[in-house]
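Remarks on the structure that follows.
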Amino acid sequence: MDVIASTAFGVNVDSNNNPDDPFVKNAEKFISVTLTSPVFMILFFLPFLIKPLGRMFGLSVMDWENQIFFRDVVVREINKRTTQRTDYVDFLQLMMEAHQDVDITGDTKQRKISLTTSEIIANSLIFFFAGYETTATALSLLAYRVALNQEIQDRIFQEIDEKLQGEKPNYDNVQELEYLDMCINETLRMYPPAARFDRTCTHDTEICGIPIQKGLNVFVPVYAIHHCSDYWKDPEEFDPERFSPENKRTINPLHFLPFGYGPRNCLGMRLALLEIKIAFARIIQDLKFSAGKNTKVRYLCRFVFLYELCIPILSLIILQIFCMNCLSNFYTIHVILLNCA
Ligand code: HEM
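With UniProt numbering applied, the sequence shown closes on residue 341, and no number is skipped along the way.
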């Protein structure tokens with residue numbers, strides 16, 4: 001949380017030693033509200049309702065007080081930076097300096113428009129939401145996997161011991177931790193924190209014989225692709241060797257999508273991988289993970305389970321409610337694009 005608070009909001013917090021800090025409390029509330037609220041679930045499974053519901057009822061996945069708190073944090077920080085000379089290098093600063101070129105006369109004249117304060121606040125929140133829970137989940141699941149497999153944990157420990165020689169992990173020395181990198185990739189394959197991502201089709205097209213109309217949302221089911229036996233041998237096995245330097249070269253990038261794909265892929269991928277590596281290496285230098293008597297060996301991703309179950313059920317309900325014609329305008333289709341890869 002400390003890392004993402006400073007990169008997204010430019011705020012320094014010490015969540016371990018200061019759990020009652022208002023930022024930490026509000027951040028926890030933000031995360032728990034969004035992931036568990038029925039509003040979030042409805043909006044997640046029926047994304048086409050986001051705009052009309054938001055406009056009609058002012059519906060938001062975020063608690064009102066929470067919104068005010070984060071708005072104030074960002075506004076305070078922006079005011080501080082505009083009145084004092086600062087040399088910040090963070091996301092907030094980049095947004096404050098960002099300009100968008102807008103063509104106002106057709107082709108020649110250009111005008112610069114800054115991001116509005118609301119846009120900066122919204123983007124800071126997205127950044128926080130996209131970067132906090134995902135990285136924490138990956139880190140926890142890596143710990144879970146090594147707790148179940150002591151040989152793998154010992155190999156990670158040996159590598160860290162050899163390459164770091166007692167030094168604290170940092171940006172440079174963690175680049176040498178090849179085996180740890182393989183384990184992180186395998187964790188992200190087995191348990192992708194973002195179980196799916198989506199795209200809206202901008203013009204009528206056809207992929208592998210499937211017609212996709214302009215305006216349709218296409219879900220890319222990352223979890224299903226990562227567990228598909230057509231692409232992965234024994235997909236339910238945790239096997240870091242899949243990502244060894246020799247094997248990695250043979251992996252089709254469309255079969256391994258923990259950070260999405262294309263020009264809109266994850267903005268924080270490098271930061272996330274660096275964070276996970278540094279944090280995990282530092283933990284392993286001092287501690288060892290082991291399974292307790294209550295540790296479940298078969299981890300079932302509740303969210304994925306819900307997702308896989310809810311999509312067909314909701315699809316059926318929507319089919320009952322709307323006729324096929326209007327359905328084709330906004331209904332979200334669920335396509336495994338990878339069949340064409
Ligand atoms: C293990 C950690 C993470 C995972 C698995 C992850 C995964 C993803 C995925 C799947 C997407 C959608 C990509 C697509 O549609 O092609 C995404 C987008 C995004 N992620 Fe991450 N992410 C992680 C960490 C982070 C961090 C640390 C940050 C910020 C510091 C971040 C910021 C973003 C942003 C801003 C987007 C939206 C990009 C856009 O729409 O152009 N993510 N992430």
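Cβ atoms here follow ideal geometry from the backbone N, Cα and C, with glycine treated the same way. A quick note: this is a predicted structure, and the numbers were derived from the prediction, not measured.
Problem - Collapsed DSSP secondary structure at PRO169 in the structure displayed - result: coil
Practice task
Could you tell me whether any non-hydrogen atom of ligand 1 is closer than 7 Å to the CB of CYS266?
Solution key: yes
Exercise for the section: Would you mind giving the Cβ-Cβ distance between ILE212 and VAL218, rounded to the nearest angstrom? I have them listed as a contact below 8 Å. Expected result: 6 Å
Practice task
Consider the C-beta atom of THR187 and the heavy atoms of ligand 1; say whether any pair is separated by less than 7 Å.
Solution key: THR187: no, Cβ never under 7 Å from ligand 1.
Problem - Segments assigned alpha helix (DSSP H), at least 4 residues, entirely inside the stretch 125-199 - result: 150-164 and 178-190
Exercise for the section: Tell me whether VAL13 is buried or exposed, calling it buried when 16 or more other Cβ atoms sit within 10 Å of its Cβ. Expected result: buried
Practice task
Closer than 7 Å by C-beta to PHE238: which residues in its own chain qualify, once you throw out the five before and the five after it? Chain order, please.
Solution key: ARG145, ASN149, GLU186 and MET190
Exercise for the section: Per DSSP, which residues does PRO211 bridge with? Please list them. Expected result: When beta bridges are read from the DSSP output, PRO211 appears opposite GLU206.
Handout entry: Separation of PHE243 from GLU133, as counted between CA atoms
Key = Answer to the nearest angstrom: the Cα atoms are 24 Å apart.
Handout entry: Nonlocal neighbours in the same chain, by C-beta distance under 6 Å from PHE128, ignoring five residues either side
Key = Shown here for PHE128: same chain residues with a beta carbon closer than 6 Å to its own, the five before and five after excluded, namely ILE4 and ALA8 in chain order.
Handout entry: From SER118, ARG55 and ASP63, residue whose alpha carbon lies closest to that of residue 374
Key = Because the chain spans 1 through 341 in this model, residue 374 falls outside it and cannot be assessed.
Exercise for the section: Using the Cα positions of LEU287 and LYS168, report the straight-line distance between them to the nearest angstrom. Expected result: 14 Å
Exercise for the section: Kindly indicate the opening and closing residues of the beta strand (DSSP E) around ASN265. Expected result: From DSSP, ASN265 is part of no beta strand (DSSP E); its letter is neither H nor E.
Problem - Distance, LYS214 Cα to GLU206 Cα - result: GLU206 and LYS214 have their C-alpha atoms some 11 Å from each other.
Practice task
Determine the direct distance from the alpha carbon of LEU257 to that of THR250, and round the result to whole angstroms.
Solution key: THR250 and LEU257 have their C-alpha atoms spaced approximately 15 Å apart.
Handout entry: Span of the beta strand (DSSP E), counted from its first residue to its last, around VAL218
Key = 217-220 is the span of the beta strand (DSSP E), which, as asked, contains VAL218.
Handout entry: Supposed contact pair LEU115 and ALA138 - C-beta distance, whole angstroms, cut 8 Å
Key = With a beta-carbon spacing of about 29 Å, ALA138 and LEU115 fall beyond the 8 Å limit used to define contacts.
Problem - Helix, strand or coil at SER118 [DSSP, three-state] - result: helix
Handout entry: Closest by C-alpha distance to LEU273, when choosing among ASN170, GLY54 and ILE120
Key = ASN170
Exercise for the section: Assign VAL89 to one of two classes, buried (16 or more other C-beta atoms within 10 Å of its C-beta) or exposed (fewer than that). Expected result: exposed
Exercise for the section: Measure the Cβ-Cβ separation of ILE184 and LYS277 and say whether it is below 8 Å. Expected result: Contact: yes.
Problem - ILE120 versus ASP72, MET1, GLY166 and ASP161, residue with shortest Cα-Cα distance - result: Residue ASP72 is the option with its Cα nearest to ILE120.
Exercise for the section: Go to THR83, then tell me how far its alpha helix (DSSP H) extends in each direction, as first and last residue. Expected result: 64-83
Practice task
Would you kindly work out how many angstroms separate the C-alpha atoms of LEU319 and PRO52, rounded to a whole number?
Solution key: Any answer about LEU319 is weak, because its pLDDT of 45 lies below 50 and its placement is not dependable; what the coordinates show is given next. Cα to Cα, the separation comes out at about 20 Å.
Practice task
Flag this pair as yes or no: are the beta carbons of LEU125 and PHE70 separated by less than 8 Å?
Solution key: yes
Handout entry: Check whether LYS25 and ASP63 have beta carbons under 8 Å apart
Key = no
Problem - Own chain partners of GLY292 with C-beta closer than 7 Å, once the 5 adjacent residues on each side are dropped - result: none
Practice task
Assuming ALA281 contacts ILE160 (C-beta within less than 8 Å), just tell me the rounded distance between them.
Solution key: 5 Å
Exercise for the section: Let me know if ILE225 comes out buried or exposed under the rule of 16 or more other beta-carbons within 10 Å of its beta-carbon. Expected result: buried
Handout entry: Whether PHE197 touches GLY268 by CB criterion (8 Å)
Key = no
Practice task
Measure how close the beta-carbons of THR135 and GLU275 come, nearest whole angstrom, since I'm counting them as under 8 Å.
Solution key: 5 Å
Handout entry: Distance between GLN67 and MET56 (C-alpha atoms, nearest Å)
Key = 19 Å
Exercise for the section: Could you pull out every residue in the same chain whose Cβ sits closer than 6 Å to the Cβ of GLY131, ignoring the five residues on either side in sequence? Expected result: ILE4 and GLY268
Exercise for the section: From the DSSP output, in three-state form, read off ALA5 for me. Expected result: In the three-state scheme derived from DSSP, where H, G and I count as helix and E and B as strand, ALA5 is classed as helix.
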